[in-house]
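A.B. asks:
Here it is in structure tokens:
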């Protein structure tokens with residue numbers, strides 16, 4: 279995936295320099311997104327060329343949770359609503375892209391295979407408590 283330089287976009291540089299998402303994830307401080315990237319097109323144009331990683335890359339989090347008990351009235355598991363609220367709060371307050379498995383799977387190896395296949399370079403993971 280290519281992530282455009284926000285300074286290039288702001289200054290209508292066509293085409294903008296694009297950072298490699300894969301290379302960003304391989305950087306030592308990618309999980310914290312505290313580092314900076316250098317844009318060669320901004321440097322060449324005499325603009326500010328140190329770009330904060332957090333301005334380019336949105337951190338992604340997979341929320342894993344214990345299903346808890348099944349509520350027949352809502353058709354949901356008890357902790358599923360808590361996970362949904364946490365997801366919305368993180369996305370709104372921390373500008374983090376969140377996702378979680380809303381199926382009725384009991385977890386285990388098949389769930390983790392799907393997680394790894396869906397997001398092989400995910401930057402953070404909240405752990406699951408198993409029954």
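Numbering (the numbering used here), first residue to last: 279 to 409. Think of the CB as a built atom: it goes at the ideal place given N, C-alpha and C, for glycine as much as any other residue.
Am I right that residue 285 and residue 321 are in contact with their C-beta atoms under 8 Å? What's the rounded C-beta distance?
C.D. replies: The pair is not a contact, with the Cβ atoms about 10 Å apart (cut-off 8 Å).
A.B. asks: State the start and end residues of the unbroken alpha helix (DSSP H) segment that holds residue 332.
C.D. replies: Counting along the chain, the alpha helix (DSSP H) containing residue 332 begins and ends at 331–334.
A.B. asks: Rounded to a whole number of angstroms, what is the C-alpha to C-alpha distance between residue 356 and residue 304?
C.D. replies: Approximately 37 Å, taken between the alpha carbons.
A.B. asks: Measuring CA to CA, which of 315, 339, 334 is closest to residue 367?
C.D. replies: Selected option, being the one with the closest Cα: 339.
A.B. asks: For the ligand SAM, I want to know if residue 370 counts as a neighbour, meaning its beta carbon is within less than 7 Å of at least one of the ligand's heavy atoms.
C.D. replies: Of ligands this structure carries none, so the ligand SAM is not represented either.
A.B. asks: Since residue 378 and residue 363 are thought to touch, with beta carbons under 8 Å apart, how far apart are those beta carbons, to the nearest angstrom?
C.D. replies: Not really, about 12 Å apart at Cβ, beyond 8 Å.
A.B. asks: Are the beta-carbon atoms of residue 343 and residue 361 separated by less than 8 Å?
C.D. replies: Against a cut-off of 8 Å, the Cβ pair of residue 361 and residue 343 comes out as a contact.
A.B. asks: Looking at the structure shown, is residue 287 part of a helix, part of a strand, or coil, going by DSSP?
C.D. replies: Three-state DSSP puts residue 287 in a helix.
A.B. asks: Can you give the Cα-Cα distance for residue 296 and residue 336, rounded to whole angstroms?
C.D. replies: Going from the Cα of residue 296 to the Cα of residue 336 covers about 15 Å.
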